[in-house]
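Everything on this sheet refers to the single structure shown next.
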Amino acid sequence: MASDKSTKRAKPFLILAGFLVFWWWIPAGWKLTTRSSFREFQAPIWELASRAEDLGEYWGHLSDSKKALIEKGRENARGSAALEAKPSIPQIKLLKSEITRLENALSVIPKPGFQAVVARVSRRDLSAWWQTVTLRKGSAQNLTTGAGVISANGMAGRIREVGKRWATVRLVTSPQFRVAAQFEGDDRPVTFQGGGIPTGGKPFGIVRDVPHDLSPSDGKPLRLLTSSLGGTFPAGISIGIVNKLEGGEDGLFKSGRVELDELLGKLREVTVLLPRNDSTASE
Amino acid sequence: MKRQNLCALLVLASNCLALFLLFSWNDYWCRHGIYFYLPGLFFLFGSTRLSNRNGAIVAFITGLLIDSTSTSSFGLHAFGLTLCHLISREGGEGMKSTRSLRPHIYQQFANLFLITSVSISSFAQSAETAIQGLERLSIDIIASQLLLIPVGAWFLAFQNNLPQLGGMGSVTQPIAQ
Numbered sequence: 001m002a003s004d005k006s007t008k009r010a011k012p013f014l015i016l017a018g019f020l021v022f023w024w025w026i027p028a029g030w031k032l033t034t035r036s037s038f039r040e041f042q043a044p045i046w047e048l049a050s051r052a053e054d055l056g057e058y059w060g061h062l063s064d065s066k067k068a069l070i071e072k073g074r075e076n077a078r079g080s081a082a083l084e085a086k087p088s089i090p091q092i093k094l095l096k097s098e099i100t101r102l103e104n105a106l107s108v109i110p111k112p113g114f115q116a117v118v119a120r121v122s123r124r125d126l127s128a129w130w131q132t133v134t135l136r137k138g139s140a141q142n143l144t145t146g147a148g149v150i151s152a153n154g155m156a157g158r159i160r161e162v163g164k165r166w167a168t169v170r171l172v173t174s175p176q177f178r179v180a181a182q183f184e185g186d187d188r189p190v191t192f193q194g195g196g197i198p199t200g201g202k203p204f205g206i207v208r209d210v211p212h213d214l215s216p217s218d219g220k221p222l223r224l225l226t227s228s229l230g231g232t233f234p235a236g237i238s239i240g241i242v243n244k245l246e247g248g249e250d251g252l253f254k255s256g257r258v259e260l261d262e263l264l265g266k267l268r269e270v271t272v273l274l275p276r277n278d279s280t281a282s283e
Numbered sequence: 284m285k286r287q288n289l290c291a292l293l294v295l296a297s298n299c300l301a302l303f304l305l306f307s308w309n310d311y312w313c314r315h316g317i318y319f320y321l322p323g324l325f326f327l328f329g330s331t332r333l334s335n336r337n338g339a340i341v342a343f344i345t346g347l348l349i350d351s352t353s354t355s356s357f358g359l360h361a362f363g364l365t366l367c368h369l370i371s372r373e374g375g376e377g378m379k380s381t382r383s384l385r386p387h388i389y390q391q392f393a394n395l396f397l398i399t400s401v402s403i404s405s406f407a408q409s410a411e412t413a414i415q416g417l418e419r420l421s422i423d424i425i426a427s428q429l430l431l432i433p434v435g436a437w438f439l440a441f442q443n444n445l446p447q448l449g450g451m452g453s454v455t456q457p458i459a460q
């Protein structure tokens with residue numbers, strides 16, 4: 001009698017265990033499709049919430065006084081003028097035109113570049129376990145898995161999953177994020193890995209495989225930049241600052257903490273870098 | 284549609300609403316480096332008020348919804364919540380009162396169990412950096428468990444009143460036995 005009762009009580013648990021075994025053997029493709037369907041179901045809700053937030057902000061700005069608008073216009077003009085006045089900008093323009101002239105003269109095939117797609121962030125999910133943001137654009141705008149993502153202050157992450165009208169970005173702070181990098185003024189490759197966002201919101205990463213002759217001096221930290229080796233990012237995009245490097249476990253290379261941009265936790269708009277194919281490169 | 288199924292749909296809809304509110308809440312707090320992880324909210328009402336089958340289905344679907352938005356293994360929350368549902372079915376009559384202590388203790392333990400599962404899954408993906416993030420992890424866990432106390436009580440009371448809003452009368456008595 002007692003054994004009948006315990007068997008009856010154990011039955012749901014046994015069914016769940018059986019279903020777990022069945023789930024284990026289900027093909028990964030089927031699971032991915034189910035996961036994607038659940039995401040597609042939620043995507044419009046996130047897009048709507050994000051658009052409502054944008055609309056609220058727009059209405060908020062509509063009520064700005066003329067004085068505030070004039071002040072903002074002035075600030076914008078000052079910023080643009082300061083950017084144009086930088087000596088590097090005309091120099092870059094000159095060098096670019098020179099490269100194009102030489103490529104045409106020597107009939108060299110131009111290096112594949114990147115096509116930039118600007119996307120709004122609809123959701124931020126930055127926990128101790130995962131750090132992702134969701135974008136309001138997806139495969140309908142040609143976004144692809146693995147494409148690099150940058151923000152106004154440097155590298156932001158890499159696209160992890162793409163749906164019809166949404167894409168998930170694995171942030172640069174995520175421990176699962178790794179990329180080839182290089183220090184400013186040094187073309188030897190190093191490895192960058194995300195570290196996380198500690199409480200207080202100051203994100204960090206870890207740099208490894210740093211040659212021994214590189215070391216930041218007092219008041220002059222090293223700037224870590226992207227490398228073109230991975231093919232996901234163009235070279236020279238800022239990743240973060242390294243203030244200290246210590247000897248690695250193997251004794252051959254050094255490693256250190258990379259201070260990342262604080263705005264990574266507040267991203268609102270990013271640029272996705274899509275590899276330019278031959279047809280678009282020739283345009 | 285059977286009353287039981289309608290109740291299950293209402294519970295699922297209320298879970299979706301709570302998930303949306305929770306994600307929005309986290310969207311704000313994540314910029315300060317705090318994340319509230321509360322999957323322990325989504326099984327208790329179903330396990331005490333719905334039939335075993337309906338409650339398990341609601342817990343499983345809610346788990347899949349959480350799984351689809353996280354980077355953990357697909358099915359982890361679904362099976363975790365279903366297991367919590369089955370365990371809480373064994374909790375007896377004391378689980379049905381929203382004001383008693385027992386359901387809240389179950390919620391706390393279930394949340395902690397799911398946090399542990401996700402942490403192990405995350406640790407398996409990248410052990411080295413997971414150790415470096417222990418401080419953040421402990422703060423997230425403490426914050427989540429603390430927030431679960433008021434939110435868990437509110438959500439149970441909210442779900443308890445849902446069928447009344449739909450003109451269906453109270454379901455404080457178990458629907459299927």
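In the order they appear, the protein sequences are chains A and B. First residue of the first sequence? That's 1 in the numbering used here, and the numbers climb one at a time after it. First residue of the second sequence? That's 284 in the numbering used here, and the numbers climb one at a time after it. In this text, a Cβ means the ideal position worked out from N, Cα and C, and glycines have one as well. Since the structure is predicted, the reported quantities are computational estimates derived from the model, not experimental observations.
- request: May I ask you to list, following chain order, the residues of the stretch 296 to 326 of chain B that have a beta carbon less than 8 Å from some beta carbon of chain A?
  value: Phe303, Phe306, Ser307, Asn309, Asp310, Cys313, Arg314, His315, Gly316, Ile317, Tyr318, Tyr320
- request: Take leucine 321 of chain B as the anchor and find which of B:Leu420, B:Ile398, B:Leu417 has the nearest alpha-carbon.
  value: Residue mapping note: residue 321 of chain B aligns to position 38 of the second sequence, counting from 1. The residue with the shortest Cα to Cα distance from leucine 321 of chain B is B:Ile398.
message: Cutting at 7 Å between CB atoms, please list the residues of its own chain near arginine 51 of chain A, excluding the five before and the five after it.
response: The count along the first sequence starts at 1 and reaches residue 51 of chain A at position 51. The answer is none, since no qualifying residue turns up.
- request: Please report how far the alpha carbon of leucine 48 of chain A lies from the alpha carbon of tyrosine 58 of chain A, in whole angstroms.
  value: Counted from its first residue, the first sequence places residue 48 of chain A at position 48. Counted from its first residue, the first sequence places residue 58 of chain A at position 58. Distance between the alpha carbons of leucine 48 of chain A and tyrosine 58 of chain A: 15 Å.
- request: Below 8 Å on the Cβ atoms is my guess for proline 216 of chain A versus asparagine 243 of chain A; work out the distance and round it to an integer in Å.
  value: Sequence index remark: in the first sequence, residue 216 of chain A carries index 216 (1-based). Sequence index remark: in the first sequence, residue 243 of chain A carries index 243 (1-based). Contact flag correct, Cβ pair sits at about 6 Å.
- prompt: For arginine 382 of chain B, does the three-state DSSP call read helix, strand or coil?
  reply: As a working mapping, residue 382 of chain B is identified with position 99 in the second sequence. In the structure shown, arginine 382 of chain B sits in coil (DSSP, three-state: anything other than H, G, I, E or B).
task: Kindly indicate which residue of B:Leu304, B:Val294, B:Ile317, B:Asn298 has the alpha-carbon position closest to the one of lysine 202 of chain A.
output: Taking the first residue of the first sequence as 1, we reach residue 202 of chain A at position 202. For lysine 202 of chain A, the nearest C-alpha among the options comes from B:Ile317.
message: Measuring alpha carbon to alpha carbon, tell me which residue in B:Leu347, B:Ala426, B:Ala342, B:Phe357 is nearest proline 27 of chain A.
response: For the purposes of this step, residue 27 of chain A is taken as the residue at position 27 of the first sequence. Taking only the C-alpha atoms, the option nearest proline 27 of chain A is B:Phe357.
task: Below 7 Å between beta carbons is the criterion; list the residues of the stretch 421 to 432 of chain B that meet it against any residue of chain A, in chain order.
output: Ile422, Asp423
field: Top-ranked residue by Cα proximity to leucine 333 of chain B, from B:Phe303, B:Asn288, B:Ala301
entry: Sequence index remark: in the second sequence, residue 333 of chain B carries index 50 (1-based). The residue with the shortest Cα to Cα distance from leucine 333 of chain B is B:Asn288.
message: If you reduce the DSSP assignment to three classes, tell me which class proline 322 of chain B lands in.
response: Walking along the second sequence from the start, residue 322 of chain B turns up at place 39. Helix.
- prompt: Which bits of chain B does isoleucine 159 of chain A rub up against, with CB to CB less than 9 Å?
  reply: By one-based count along the first sequence, residue 159 of chain A stands at place 159. Per Cβ cutoff of 9 Å: no residues; isoleucine 159 of chain A is ~13 Å from chain B at best.
query: Could you give the uninterrupted runs of the beta strand (DSSP E) lying entirely in the stretch 27 to 92 of chain A, keeping only those of 3 residues or more?
result: none
message: Tell me whether the stretch 308 to 315 of chain B and the stretch 124 to 140 of chain A touch, counting them as touching only if at least three CB pairs, one residue from each stretch, are closer than 8 Å.
response: yes
message: Taking beta-carbon pairs under 9 Å, can you tell me which members of the stretch 42 to 54 of chain A lie near chain B?
response: Gln42, Ile45, Trp46, Ala49
message: Using only the alpha-carbon positions, how far apart do lysine 164 of chain A and glycine 205 of chain A sit?
response: Translated into positions along the first sequence, residue 164 of chain A becomes position 164. Translated into positions along the first sequence, residue 205 of chain A becomes position 205. Looking at the two C-alpha atoms, the distance is approximately 31 Å.
message: Any beta carbon from chain A within less than 7 Å of leucine 395 of chain B's own beta carbon?
response: Against the second sequence, residue 395 of chain B aligns to sequence position 112. Output row for leucine 395 of chain B: interface = no.
- prompt: For lysine 8 of chain A, is the classification buried or exposed, using 16 other Cβ atoms within 10 angstroms of its Cβ as the cut-off for buried?
  reply: Numbered from its first residue, the first sequence carries residue 8 of chain A at position 8. Looking at its Cβ environment, which holds fewer than 16 other Cβ atoms inside 10 Å, lysine 8 of chain A is exposed.
- request: Scan the stretch 343 to 354 of chain B for residues whose Cβ lies nearer than 8 Å to a Cβ of chain A and list them as they occur along the chain.
  value: Leu347, Leu348, Asp350, Ser351, Thr352, Ser353, Thr354
- prompt: From the DSSP output, which residues share a beta bridge with valine 162 of chain A?
  reply: To locate residue 162 of chain A, count along the first sequence from 1; it is residue 162. Answer by DSSP bridge pairing, in chain order: A:Ala167.
- prompt: Since phenylalanine 192 of chain A sits in a beta bridge, which residues does DSSP pair it with?
  reply: For the purposes of this step, residue 192 of chain A is identified with residue 192 of the first sequence, where counting begins at 1. For phenylalanine 192 of chain A, which the question treats as bridged, DSSP gives the partners A:Val179, A:Val207.
message: Taking only three categories from DSSP, how would you classify arginine 276 of chain A?
response: The residue labelled residue 276 of chain A in the question sits at position 276 within the first sequence. Of the three classes helix, strand and coil, the one that applies to arginine 276 of chain A here is coil, per DSSP.
Interface positions of the stretch 82 to 102 of chain A facing chain B (Cβ-Cβ less than 7 Å), listed along the chain: none
field: Cβ-based burial, valine 179 of chain A [other Cβ within 10 Å; buried from 16]
entry: Numbered from 1 along the first sequence, position 179 holds the residue referred to as residue 179 of chain A. It counts as buried.
task: Alpha carbon to alpha carbon, how far is leucine 359 of chain B from glycine 146 of chain A? Give it in angstroms, no decimals.
output: Here the question's residue 146 of chain A lines up with position 146 in the first sequence. Here the question's residue 359 of chain B lines up with position 76 in the second sequence. Cα to Cα, the separation comes out at about 25 Å.
message: So for leucine 263 of chain A, helix, strand or coil by DSSP?
response: If you number the first sequence from 1, residue 263 of chain A lands on position 263. Looking at leucine 263 of chain A - three-state DSSP - the assignment turns out to be helix.
query: Which of helix, strand or coil does DSSP assign to isoleucine 150 of chain A?
result: What you label residue 150 of chain A is simply residue 150 of the first sequence in a count that begins at 1. Isoleucine 150 of chain A falls in the strand class under three-state DSSP.
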